[in-house]
Amino acid sequence: AWKAANAVSDARDKIDGSDDKDQGIQIDGKANIVPSTPDAIAFTRTPQEVLRIVYLTDQEGASKGGFYPNGMNGKIKST
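Per our numbering: the sequence shown = residues 1409 to 1487.
As structure tokens, then:
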């Protein structure tokens, strides 16, 4: 289960378009329950980073795909 969860984390991190904001639940053989910065600040994502994840793409300007094959409603709907 750890490997699968880490694989999902790695996939999210590749498509969100940011630095390494996503961490798996195991790092260097140790549990990583609350992913955060070294100062214990939780990571944030921009709306565009979230949309890249749910659209399953790292492309700019995407407005549909992945979990939303027909796109989404609202003002913020493209990467």
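Every residue, glycine too, gets a C-beta built ideally from N, C-alpha and C.
- The beta carbon of I1441 is closer than 8 Å to those of I1433 in its chain, skipping five residues each way along the sequence.
- According to DSSP, residue pairing for S1444 in a beta bridge involves A1450.
- Of V1462, T1452, G1437, the smallest CA-CA separation from P1477 is found for V1462.
- Here the alpha carbon of A1450 sits roughly 11 Å from the alpha carbon of Q1431.
- Shown here for F1475: same chain residues with a beta carbon closer than 6 Å to its own, the five before and five after excluded, namely V1462 in chain order.
- The continuous alpha helix (DSSP H) containing P1455 extends over residues 1455-1463.
- Distances from the alpha-carbon of D1421 to those of I1484, A1439, D1466 put D1466 closest.
- In the structure shown, K1422 falls within a helical segment according to DSSP collapsed to helix, strand and coil.
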